[in-house]
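A short write-up of the structure that comes next.
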Amino acid sequence: MVRTSPPTKRLRRLGAAAAAAVLALVTAGCGNADSAAPAAGAACAVSGGKVELSFWSWLPGIDQAVALWNQGHPDIHVTVEQTPQGNQGTYNKMFTALKANQAPDLGQVEFDSLPGFRVQQGLRDISACPGVADAKSKFVDWTWAQASVGGDGVFAIPQDTGPMGLFYRKDLFEKYNVPVPTTWDEYAQAAKTLHAADPNLTITHFPQKDVNWFAGLVWQAGGHWFTQDGRQWKVNLTDPASTKVADYWQNLLSQGLVSNYQGFSESWNKALDSGQIATWTGAVWGVGTIAKAAPSTAGKWAVAPLPQWTKGAQRSGNWGGSTTAVFAGTKHPAEAAQFALWLNSDPQALAILTAQGGIYPATTEAQAGAKASPENTQFFGGQDVDAVFREAGKGVSQDFTWGPSMEQTYAHVRDGFGAALAGNGTLGKALTEAGAATITDLQRQSIPVAK
Amino acid sequence: MVVAASQTVAGVAPRPRVARRRRANGSARAAWLLLAPFLIGFAVFYVAPIVVALVKSFTAVTRTSTYGRPVEVFAGLGNYTAALGDTGFTGSVGRVLLFGVIQIPVMLGLALVLALALDSAVVRLRRFFRLAFFLPYAVPGVIAAVMWGFFYAPNLSPVNQLLDPLGIHPDLLSGNVILYSIANIVTWTFTGYNMLILYSSLQAIPPQLYEAARLDGASGWTIAWRIKVPIIAPSLVLTGVFSIIGTFQLFTEPQVMAGVSSAVSSSYTPSMAAYAQISAQNHGLGAAMSVLVTLLIAVLSWLFFRITRARAAL
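Residue numbers (the working numbering), protein chains in the order written: chain A, 1 to 451; chain B, 452 to 765.
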């Protein structure tokens, strides 16, 4: 058999060429990632003319609010893309899009993820854009503080907040003659009494994966997981307040007084609906959650302030809340900021977002007028639940800071909590280990961190 | 192409060299042209991501301050030592090894038994059973996992409701059991798929072999064990390798289970560990983990081939 030209050799040559092309592509890709650099304190001029903006959000009803904007602003047209919730893939998509210079002009980003986006050079400073500085006074102080990530700019406009309160089964507390707890000690006592009265009943569940719930309770107790000291981060998941909260829940867990359901799971819904859970230390947006999860318990629920560590105190924590962030690489920061401001402070826009998306807004004016839907009010036996949360909001301390890599911190805490639930270690140990692991994470990303 | 060329050479009288070369070049050009769409796709969508992952696995970022611009730098084997020192990651590798050692033999054993049963004349309604066993594979992984999650959750499961009066309260989502609960989902999904591969190679065996064996007095059992299984051994090896690869790539089922069980950590399987790093924008470490898992899969598959080939030779 005679072969004229050896195909293998050619194939190899072609392969080499392909590999070279690929490498070129790769390096080109790397180069692009660096070019999207948001300068801090950048000037912000109005583009003028007709402007097209793109916006990613997962808030129900956002399309209606955007439609309203487009009606009134023929020169600044916003196209909204409705995405899955941030941690369910949208943040990943945003990061990838930012690397590829394909990111939208604006996107929904939760407060705890803002520092991470800024670390990855994903945010545009809009502090110099028209109207932004003046808007500061409209918003709840801590929301503006968190939207100015690091304190040297404004990178997002706050959208909603989640002051925490105590959802409880009024009928069950009455039935078993248990006073509604005003302190955490009373809450633990109630946990015992209720469980003793009905072995199928637990006071609440311990939502292992909702670490931001736990962080909200730490926030209430006056803990600080992250502080930025000069140019270094200080990570401390085991300050006295955090340890107090961890030990408290560990004690309830050890006594078998709280159940092990994942928050928002079908199992949890079932347990709520069948009257096996007596309370939930949730946030204001939970009004809709609980009404939907436990329809057969309508009329039996009420809301009280979060139990306190010191009798008579009026402190609360915050769980959740989003912003409308302006992404690096936008060609129209002024228009983007204008839209973000309108979306989150205009009464008409907020009316849509409150009714459709169930949000509790971030402006003081809108919070004052917030009112749950008639169905939800009915679910809570006619109680004005927003009045409770409005008070709670006033008790949220202003100086809580999220870390620069919250998703990893959450994962470490979550894993440790899971182990503790299985009997390996305690919640306190989980926090200690998560703190150490977070420091390693930050070092790997060469984010300056104190050891 | 080679065959065609040699036929030409053999069948036709020799021609002047130049003409022949030109013709060969012409057909080669046509071949490349026809191959081009595939090769371009192959390079862009297959080779490129692998090269990117490899390159990334040797990089890390440096920045001058928290919000300073990250600069990608060569990190040597730093990510690899970090991955190997990460107990979450190494633990996940041990976990899937245990998973594979138990789940793969069970699944392939079941698949083999079902394939043999379908192949034997005993079973009626062959077409119905073939479809019935294969059906779970057609159910998207996430949906299957969510469905099984309902079965496992103690306060939702109809099984638990039946067992409750007997005083039995199994929790299939708890730490000691969840791995096997996940193995059950995977077995349910993939047994039919593997059965189909084995069954189709059984169908390819010439029936004369069975006739000869029967004339020699072989029973149905002997035929199955001495003739059918050895002949389809290559298919068994193939399904074995697929299963090893699949086991190391476990992601969907544990990820869904994590939503209902507190026993599934964020680095429960190697794929989840790598995904967690990539989600945190720690691309170097995530890539290093992916490369390590790929290497491990390659080594294990090679070992499996070696062992099974040695067996076959015996």
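Glycine included, C-beta positions come from ideal geometry on N, C-alpha and C.
Interface annotation for the stretch 705-717 of chain B against chain A: G710, V711, S713, A714, S716 and S717, criterion Cβ-Cβ distance under 7 Å. Not flagged as an interface residue toward chain A: R480 of chain B, since no C-beta distance is shorter than 8 Å. Across the structure, T432 of chain A and F155 of chain A are spaced so that their CA atoms are roughly 32 Å apart. Rounded to whole angstroms, the separation of the alpha carbons of N70 of chain A and L421 of chain A is 50 Å. The shortest CA-to-CA distance from G536 of chain B to any of A:T440, A:G222 and A:G48 is the one to A:T440. Assignment of beta-bridge partners to I277 of chain A by DSSP yields A:T202. Per DSSP, reduced to three states, the secondary structure at P333 of chain A is helical. Taking the Cα positions, G282 of chain A is about 7 Å away from F167 of chain A. Put simply, the CB of N344 of chain A is far from chain B, with every gap to its CB atoms at 8 Å or more. Distance between Y497 of chain B and G735 of chain B, taken at the CA atoms: about 19 Å. A straight-line Cα-Cα distance of about 31 Å links G222 of chain A and V715 of chain B. Collapsing the DSSP output to three states places L607 of chain B in coil.
The Cβ of W280 of chain A sits no closer than 8 Å to any Cβ of chain B.
As far as DSSP is concerned, Y588 of chain B takes part in no beta bridge.
Just measuring C-alpha positions, the residue of A:D171, A:I76 and A:D386 sitting nearest P374 of chain A is A:D386. Contact check for T364 of chain A against V140 of chain A passes: the beta carbons are separated by less than 8 Å. DSSP places I157 of chain A in the strand class (E or B) of the three-state scheme.
Note on W676 of chain B: under 16 other CB atoms within 10 angstroms of its CB, so exposed under the neighbour-count rule.
Runs of the beta strand (DSSP E) lying entirely within the stretch 313-370 of chain A, each at least 3 residues long, are 322-326 in chain order.
Around the beta carbon of T640 of chain B, a 10 Å sphere encloses 16 or more other beta carbons of the protein chains shown; the residue is thus reported as buried.
Note on the stretch 54-133 of chain A: whole beta strand (DSSP E) runs with a minimum of 3 residues are 76-82 and 106-110, in chain order. Around T513 of chain B, the beta-carbon contacts reaching into chain A at under 8 Å are S446. Nearest to D185 of chain A by alpha-carbon distance, out of A:L252, A:G49, A:L123 and A:E407, is A:L252.
Look at R414 of chain A: its C-beta is under 8 Å from a C-beta on chain B. Following the DSSP letters along the chain, one finds Q232 of chain A inside the beta strand (DSSP E) bounded by residues Q232 to V235. Ranked by Cα distance from T532 of chain B, the options B:A511, B:A727 and B:R665 are led by B:A511.
Rounded to whole angstroms, D667 of chain B and L751 of chain B show a C-alpha spacing of 40 Å. Classified as exposed, G423 of chain A has fewer than 16 neighbouring CB atoms from the shown chains inside 10 Å of its CB. Taking one beta carbon from each stretch, the stretch 283-301 of chain A and the stretch 191-209 of chain A have fewer than 3 pairs nearer than 8 Å; the two do not touch. When the beta-carbon positions are compared, Q356 of chain A and P84 of chain A stay at least 8 Å from each other. The beta-carbon separation of P404 of chain A and S516 of chain B, rounded to 11 Å, does not stay under the 8 Å limit for a contact. Within the stretch 326-359 of chain A, contact with chain B at the beta-carbon level (separation under 9 Å) is assigned to no residue. Taking 8 Å as the threshold, the shortest C-beta distance from T720 of chain B to chain A does not fall below it. Taking a beta-carbon distance threshold of 8 Å, E52 of chain A does not count as an interface residue toward chain B. The beta carbon of A128 of chain A is closer than 6 Å to those of A43 and C44 in its chain, skipping five residues each way along the sequence. Cα atoms of F693 of chain B and N476 of chain B: separation of roughly 40 Å, rounded to the nearest angstrom.
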